[in-house]
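Numbering (my numbering), first residue to last: 1 to 173.
So this is what it looks like as structure tokens:
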């Protein structure tokens with residue numbers, strides 16, 4: 001389903017297999033080719049894997065953009081792009097060539113099978129918050145039932161060890 005006007009979205013992208021930067025670049029190119037107007041893209045951040053599965057470190061980044069797609073259509077596009085870049089089903093929180101998460105969609109709180117907005121884990125993951133705060137330092141995240149949380153406050157509340165585990169690599173060239 002398509003909206004008549006562009007909707008502000010934040011996406012998180014990650015890769016830990018193959019040429020991680022090239023995988024992320026390809027994901028961004030395919031998102032743009034499908035109509036996502038990319039307004040800003042964070043630097044690359046390298047992080048240890050999350051979730052307890054032994055695997056290579058990730059490159060992560062965040063993107064702010066405008067889409068005409070409704071949330072479930074955007075999710076379908078993201079999953080299609082992951083497959084086109086080479087992602088295959090595997091172990092939960094396991095290694096992946098490309099992962100695209102919808103972090104925020106306007107100020108919407110949304111619940112459907114396979115999609116929760118805001119992303120349900122974003123406030124507890126340094127590898128999501130660090131790149132997100134680079135492109136949106138004053139970002140407010142909607143809370144179910146009304147109100148907002150400041151992303152910077154969520155970052156500050158993370159354990160020091162978690163915050164230090166995120167290493168700035170530099171721009172995605």
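All residues carry an ideal CB built from backbone N, CA and C; glycine is no exception.
Alpha-carbon spacing of residue i relative to residue j, whole angstroms
i, j, result
"residue 49", "residue 128", "12 Å"
"residue 15", "residue 169", "14 Å"
"residue 32", "residue 38", "7 Å"
"residue 63", "residue 131", "8 Å"
"residue 112", "residue 143", "16 Å"
"residue 77", "residue 17", "21 Å"
"residue 98", "residue 84", "10 Å"
"residue 165", "residue 80", "30 Å"
"residue 23", "residue 133", "22 Å"
Three-state secondary structure assigned by DSSP to residue i
i, result
"residue 46", "strand"
"residue 125", "coil"
"residue 12", "strand"
"residue 169", "strand"
"residue 158", "coil"
"residue 19", "coil"
"residue 27", "helix"
"residue 113", "coil"
"residue 164", "helix"
"residue 95", "coil"
"residue 84", "helix"
"residue 134", "helix"
"residue 153", "helix"
"residue 142", "strand"
"residue 104", "strand"
"residue 120", "coil"
Under 8 Å between C-beta atoms of residue i and residue j
i, j, result
"residue 10", "residue 104", "yes"
"residue 149", "residue 140", "yes"
"residue 59", "residue 20", "yes"
"residue 75", "residue 114", "yes"
Nearest candidate by alpha-carbon position, reference residue i, set the options
i, options, result
"residue 66", "166, 73, 100, 36", "36"
"residue 124", "154, 98, 114", "154"
"residue 110", "133, 126, 84, 70", "70"
"residue 47", "173, 171, 167", "167"
"residue 27", "87, 8, 55", "87"
"residue 171", "135, 100, 116, 151", "135"
"residue 137", "42, 13, 7", "42"
"residue 159", "173, 126, 133", "126"
"residue 100", "55, 122, 107", "122"
"residue 8", "162, 29, 118, 161", "118"
Burial state of residue i (16 or more Cβ within 10 Å)
i, result
"residue 146", "exposed"
"residue 82", "buried"
"residue 5", "exposed"
"residue 151", "buried"
"residue 61", "buried"
"residue 30", "buried"
The ligand ATP heavy atom lying under 7 Å from the CB of residue i
i, result
"residue 165", "Here there are no bound small molecules, and the ligand ATP is not part of this structure."
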